[in-house]
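Peer 1: Per our numbering, residue 2 is the first one in the sequence shown, and the count goes up by one each step. Ideal Cβ placement from N, Cα and C applies to all residues, glycine included.
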Amino acid sequence: MNWAKVKNILIIIFLILNSILGYMNYQKRVAVYTLTKEQENNIKKLLYDNNIMVYTLLPEKYPPMRKLILVPKFIDGDEQTKLFRTIFGDTENIAVTTITTDQNEKQTVYSKGKAKIGFAPGYVFYRADLSAEKDSVFTKEQSKKLADEFLEKLGYTVSKMQWQFKEDNSSYIYTYYETYNGDILYNSYADLLITSKGIEKADIYRMKPVKYTDLSRSIYAPDEMLFGFMNQMKKKQGFEEILVIQKIDLGYFIESESPWRKEGEGIPYYRITLANGRNFYINAYTNQMR
2 MNWAKVKNIL IIIFLILNSI LGYMNYQKRV AVYTLTKEQE NNIKKLLYDN NIMVYTLLPE
62 KYPPMRKLIL VPKFIDGDEQ TKLFRTIFGD TENIAVTTIT TDQNEKQTVY SKGKAKIGFA
122 PGYVFYRADL SAEKDSVFTK EQSKKLADEF LEKLGYTVSK MQWQFKEDNS SYIYTYYETY
182 NGDILYNSYA DLLITSKGIE KADIYRMKPV KYTDLSRSIY APDEMLFGFM NQMKKKQGFE
242 EILVIQKIDL GYFIESESPW RKEGEGIPYY RITLANGRNF YINAYTNQMR
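#1: What span of residues does the beta strand (DSSP E) with residue 168 cover, start to end?
#2: Which ranges does the beta strand (DSSP E) cover as unbroken runs of at least 3 residues, wholly within the region 97-131, from first to last along the chain?
#3: Just to confirm before moving on: does the CB-CB distance between residue 283 and residue 267 stay below 7 angstroms?
#4: May I ask you to list the residues that DSSP assigns as paired with residue 203?
#5: Using only the alpha-carbon positions, how far apart do residue 78 and residue 87 sit?
#6: Verify whether the separation of the beta carbon atoms of residue 216 and residue 203 is less than 7 angstroms.
#7: According to DSSP, is residue 159 helix, strand or coil?
#8: Relative to the alpha-carbon of residue 53, which residue among 177, 220, 232 has its alpha-carbon at the smallest distance?
#9: Tell whether a beta-carbon distance below 7 angstroms holds between residue 148 and residue 181.
#10: With a cut-off of 8 angstroms, do at least 3 Cβ pairs link the region 156-176 to the region 186-201?
#11: Could I get the ranges of all uninterrupted alpha helix (DSSP H) runs contained in the region 219-243, with 4 residues as the minimum, in chain order?
#12: Measuring alpha carbon to alpha carbon, tell me which of 242, 70, 253, 135 ends up nearest residue 186.
#13: Should residue 212 and residue 70 be called a contact, given that it needs their Cβ atoms to be closer than 7 angstroms?
#14: Rounded to the nearest angstrom, what separates residue 165 and residue 47 at their Cα positions?
#15: When you compare the CB positions of residue 205 and residue 222, do they come within less than 7 angstroms of one another, or not?
#16: I need the boundaries of the alpha helix (DSSP H) containing residue 281, first residue and last residue.
#17: Sort 102, 247, 43 by Cα distance to residue 124 and report the nearest one.
#18: Is residue 188 helix, strand or coil by DSSP?
#19: Given a threshold of 16 other Cβ atoms within 10 Å of its Cβ, counted over all protein chains shown, does residue 132 qualify as buried or as exposed?
#20: Beta-carbon within less than 8 angstroms of residue 275's beta-carbon, same chain only, minus the 5 sequence neighbours each way: which residues are those?
#21: Would you mind stating whether residue 62 and residue 55 have Cβ atoms separated by less than 7 angstroms?
#22: Out of 119, 184, 236, 220, which has the shortest C-alpha to C-alpha gap to residue 35?
#23: Check whether the Cβ atoms of residue 113 and residue 89 sit closer than 7 angstroms, and answer yes or no.
#24: Assign residue 273 to buried or exposed, taking buried as 16 or more other Cβ atoms, counted over all protein chains shown, within 10 Å of its Cβ.
#25: Going by C-alpha to C-alpha distance, which of 138, 50, 75 sits closest to residue 119?
#26: Under a Cβ-count criterion, where at least 16 other Cβ atoms within 10 Å of its own Cβ denotes burial, should residue 242 be classed as buried or exposed?
#27: Residue 97: buried (16+ other C-beta within 10 angstroms of its C-beta) or exposed?
#28: From what residue to what residue does the beta strand (DSSP E) around residue 176 run?
#29: Pop quiz: residue 208 and residue 188 are said to be a contact at Cβ under 8 angstroms. What is the actual Cβ separation, rounded to whole angstroms?
#30: Classify residue 65 as buried or exposed, calling it buried when 16 or more other Cβ atoms lie within 10 Å of its own Cβ.
#31: Just mark residue 144 as buried or exposed, buried being the case when its beta carbon has 16 or more other beta carbons within 10 Å.
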């Protein structure tokens, strides 16, 4: 008998079995943190019986998550010049001023006529002068195209962002959120107001992910989160309205006030968006609503 050949065959069998066992263990771990269709249907029925309608799919995966450190993105002079040149088209007749905000922060503001662009750590604002513009935006599709093009010019990759939309008094309001490794960064976003004449204003908050911190911790499953949301809403005095949930997602949220001013710790949070545009944030570690 060729023992060397037998040994090689046994090694190959061992490796195959080891791979199969590894895959089975992986699938088992994934299954633990996967919401089943039965769980989703059960929680939706319970919410329906309590005047909360859910017209969206629930997040299917809820693996353990770590915290994420984020810092304000500083925009230096060269990048400021590039941005206002992108928006204004040239650098002629530009006035530069420095102002102090109510929060005692310095902002550099570039003005061209009545149009303004301002910069501070983690924050950029734009105010357009549309007085001489003609109506050119008549549909949601046109406004979305305009918003996408504006952000692409500023260096964003729109395809990697998550966005929300609402219409208010014939204006279109868009919020685009940056993502990191597939997770939404709720404190790093761009708000755009678009009228029939074009982009009237933009407020952009930019946070840069630095590193994950602490060990991964289990988070509440989506159905558990919704059960907690229902109970917390019912505790509110005089709560009788019918709620319509339009979207549920999961990402990172910095709990401090005005987080774009300094380094912050992003905590895993669920976000519930109602049909009227109102957002609720629920800590995925504690299941407590802000």
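Peer 2: In short:
#1: The residue labelled residue 168 in the question sits at position 167 within the sequence shown. Looking at the DSSP string, the run of the beta strand (DSSP E) that includes residue 168 is 163-169.
#2: 107-113, 116-121, 124-128
#3: Translated into positions along the sequence shown, residue 283 becomes position 282. Translated into positions along the sequence shown, residue 267 becomes position 266. Not closer than 7 angstroms, so no.
#4: Position 202 of the sequence shown, counted from the first residue, corresponds to residue 203. According to DSSP, which records beta bridges pairwise, residue 203 is partnered with 127, 193.
#5: Position 77 of the sequence shown holds residue 78. Position 86 of the sequence shown holds residue 87. Each residue's Cα considered, the two are about 14 angstroms apart.
#6: Taking the first residue of the sequence shown as position 1, residue 216 is located at position 215. Taking the first residue of the sequence shown as position 1, residue 203 is located at position 202. Cβ atoms of residue 216 and residue 203: not closer than 7 angstroms.
#7: Your numbering for residue 159 matches position 158 in the sequence shown. Helix, per DSSP.
#8: Here the question's residue 53 lines up with position 52 in the sequence shown. If we check each option's Cα against that of residue 53, 232 comes out closest.
#9: Along the sequence shown, one-based indexing puts residue 148 at 147. Along the sequence shown, one-based indexing puts residue 181 at 180. Not a contact, by the Cβ cut-off of 7 angstroms.
#10: yes
#11: 223-235
#12: Position 185 of the sequence shown, counted from the first residue, corresponds to residue 186. It is 253 whose Cα lies nearest to the Cα of residue 186.
#13: The residue given as residue 212 occupies position 211 in the sequence shown. The residue given as residue 70 occupies position 69 in the sequence shown. Cβ atoms of residue 212 and residue 70: closer than 7 angstroms.
#14: As a first step, residue 165 is located in the sequence shown; it is residue number 164 there, counting from the start. As a first step, residue 47 is located in the sequence shown; it is residue number 46 there, counting from the start. Cα-Cα distance, rounded: 27 angstroms.
#15: By 1-based counting over the sequence shown, the position of residue 205 is 204. By 1-based counting over the sequence shown, the position of residue 222 is 221. No.
#16: Within the sequence shown, residue 281 is the residue found at index 280, counting from 1. Note, residue 281: premise wrong, no alpha helix (DSSP H); beta strand (DSSP E) at 280-284.
#17: As a first step, residue 124 must be located in the sequence shown, where it is residue number 123. Answer by Cα proximity: 102.
#18: Taking the first residue of the sequence shown as position 1, residue 188 is located at position 187. Reduced to three states, the DSSP call for residue 188 is strand.
#19: Locating residue 132 in the sequence shown gives position 131, where the first residue counts as 1. Exposed is the call here.
#20: Here residue 275 refers to the residue found at position 274 when the sequence shown is read from its first residue. For residue 275, where only same-chain residues beyond five positions count, the Cβ hits under 8 angstroms are 244, 245, 246, 247, 281.
#21: Within the sequence shown, residue 62 is the residue found at index 61, counting from 1. Within the sequence shown, residue 55 is the residue found at index 54, counting from 1. Result no, Cβ atoms of residue 62 and residue 55 do not sit closer than 7 angstroms.
#22: Taking the sequence shown and counting its residues from 1, the one referred to as residue 35 is at position 34. For residue 35, the nearest C-alpha among the options comes from 220.
#23: Here residue 113 is taken as the residue at index 112 of the sequence shown, counted from 1. Here residue 89 is taken as the residue at index 88 of the sequence shown, counted from 1. It is a contact, given that the beta carbons lie within the stated cut-off.
#24: In the sequence shown, residue 273 corresponds to position 272, counting from 1. When all chains shown are included, residue 273 counts as buried.
#25: Start at 1 with the first residue of the sequence shown, and residue 119 comes out as number 118. Per the Cα distances, 75.
#26: In the sequence shown, residue 242 corresponds to position 241, counting from 1. Result: exposed.
#27: On the sequence shown, position 96 is the one that residue 97 refers to. The residue is exposed, with fewer than 16 neighbouring Cβ atoms inside 10 Å.
#28: As a position in the sequence shown, residue 176 is number 175, starting the count at 1. First-last of the beta strand (DSSP E) with residue 176: 172-181.
#29: Residue 208 sits at position 207 when you count from the first residue of the sequence shown. Residue 188 sits at position 187 when you count from the first residue of the sequence shown. Sure, about 5 angstroms apart at Cβ, within 8 angstroms.
#30: Locating residue 65 in the sequence shown gives position 64, counting from the first residue. Its Cβ having fewer than 16 others within 10 Å, residue 65 is exposed.
#31: Translated into the one-based positions of the sequence shown, residue 144 becomes position 143. Buried.
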